[in-house]
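Sequential numbering from 1 applies to the sequence shown in UniProt numbering. Here's the structure we're looking at; comments come further down.
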Amino acid sequence: MVIYTCKDTFSDILCSAFGALGEETGPEHVRLELEGIGDMELFAVYRQAEVSDTVFREAVSQICRKISPAVYEKVYLASLSRETDKADWIYRFLVSGFQYGSAVMEMLHLEEVSRIMKMCRFVQNESHLLTGFLRFAQAGGDLLIGRIGPKNDVLPLLAWHFSDRLAGENWMIYDEHRKKAVLHPAGGRWFVLNKEDEAWQEKLSWKTDEEEYQALWRTFHETAAIPERANALCQRTHLPLRYRPYMTEFQKGNPRGI
Numbered sequence: 001m002v003i004y005t006c007k008d009t010f011s012d013i014l015c016s017a018f019g020a021l022g023e024e025t026g027p028e029h030v031r032l033e034l035e036g037i038g039d040m041e042l043f044a045v046y047r048q049a050e051v052s053d054t055v056f057r058e059a060v061s062q063i064c065r066k067i068s069p070a071v072y073e074k075v076y077l078a079s080l081s082r083e084t085d086k087a088d089w090i091y092r093f094l095v096s097g098f099q100y101g102s103a104v105m106e107m108l109h110l111e112e113v114s115r116i117m118k119m120c121r122f123v124q125n126e127s128h129l130l131t132g133f134l135r136f137a138q139a140g141g142d143l144l145i146g147r148i149g150p151k152n153d154v155l156p157l158l159a160w161h162f163s164d165r166l167a168g169e170n171w172m173i174y175d176e177h178r179k180k181a182v183l184h185p186a187g188g189r190w191f192v193l194n195k196e197d198e199a200w201q202e203k204l205s206w207k208t209d210e211e212e213y214q215a216l217w218r219t220f221h222e223t224a225a226i227p228e229r230a231n232a233l234c235q236r237t238h239l240p241l242r243y244r245p246y247m248t249e250f251q252k253g254n255p256r257g258i
């Protein structure tokens, strides 16, 4: 068995998948793994594919030309999934894609296709929910800050959404689980920040006025509710519990700093 290991990034996964596609042994004897996932196998041959802008661009070009741009989009969405075996399923999805062409999108009887589609649905559904559940608060100056704790790495999808909706604002969305953020300067393009320095927390403070507005919003949310119509099960269906710690109307007291 030949095992390609790669980092959990879209470019690394795609470059590794293309490196694995060149193996003469065939997909039944090749596997992709994310670094740090699983135990080392005794008789396996471990390899790392070349990861570079040139290889990445060539991989993207071949997928779009020989399969379809829609398949490339699915591969990207699947790379954002929380599933630890996503790299291997992406590789197998591409193997079938180069074999069957654009028709592979309809071949749900193939396990690699159904698994990729399932990952994509989960990623897109979570991203869609967070476009409505995300709350921004104003920090020092004119910076808006929002916190999320998603299961999947949907931060780039949210960045694209809010860069259009809040194009004229300075804002940042912070993923607490992955310790990274996207920063959008007003009128500019967003970019990713990896938060390794805990001193960041000291540089950001919440404005007193913003805290007062949030307190008013929480009061409105509590007083506007009709106790006789309370339906906890229905509420959890439309707004899962895991999103509530990041929403102003469900926070008690001041919001947590970042």
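Beta carbons: idealized from backbone N, C-alpha and C, even for Gly. Note that the structure is predicted; figures quoted are calculated from it, not measured.
Check, Outcome
"For I173 and L193, believed in contact at Cβ under 8 Å, the rounded distance", "Not quite, the Cβ-Cβ distance comes to about 10 Å (not below 8 Å), so this is no contact."
"The alpha helix (DSSP H) enclosing T84, as first and last residue numbers", "Premise fails: T84 is in no alpha helix (DSSP H) and is neither H nor E."
"Proximity of C64 and L34 at Cβ, strictly below 9 Å", "no"
"Candidates E126, E176, F122, L14: closest to residue 329 by CA position", "Because the chain here runs from 1 to 258, residue 329 falls outside it and cannot be looked at."
"Rounded C-alpha distance that separates G257 from D153", "The predicted position of G257 is uncertain, since its pLDDT is 41 and thus under 50; a value taken from the coordinates is nonetheless stated next. Approximately 21 Å between the Cα atoms of the pair."
"Nearest-angstrom Cβ-Cβ length linking L144 and Q138, presumed shorter than 8 Å", "6 Å"
"9 Å Cβ cutoff met for L94 and V123", "no"
"Outcome for V45 when other beta-carbon atoms lying within 10 angstroms are tallied against a minimum of 16", "exposed"
"Enclosing alpha helix (DSSP H) for K74 [first to last residue]", "69-79"
"Cβ of K179 within 9 Å of any chain C Cβ", "Checking the listed chains, one finds no chain C in this structure; it contains a single protein chain."
"Whole-angstrom distance between A49 and L32, CA atom to CA atom", "10 Å"
"7 Å CB neighbourhood of Y91 in its chain, flanking five on each side removed", "A17, A20, L32"
"Where F10 sits in the DSSP three-state scheme", "helix"
"Through-space distance from R147 to L216, alpha-carbon basis", "Below a pLDDT of 50, predicted positions are generally treated as unreliable, and L216, at 45, falls in that range; no measurement from the model is reported."
"Outcome for residue 277 when other beta-carbon atoms lying within 10 angstroms are tallied against a minimum of 16", "Residue 277 cannot be examined here, being either before or after the span of the chain that is shown, 1 to 258."
"Between the CA atoms of M1 and T9 - distance to the nearest angstrom", "23 Å"
"Strand pairing of H184, partner residues [DSSP]", "W171"
"Straight-line gap, L108 to S114 (C-alpha atoms, nearest Å)", "5 Å"
"Cβ neighbour criterion (16 or more within 10 Å) applied to G97", "buried"
"H184 versus G26: straight-line alpha-carbon distance, rounded", "44 Å"
"Whole-number beta carbon distance between G187 and A167, since they are thought to touch under 8 Å", "7 Å"
"For R189 and S163, the rounded distance between their alpha carbons", "8 Å"
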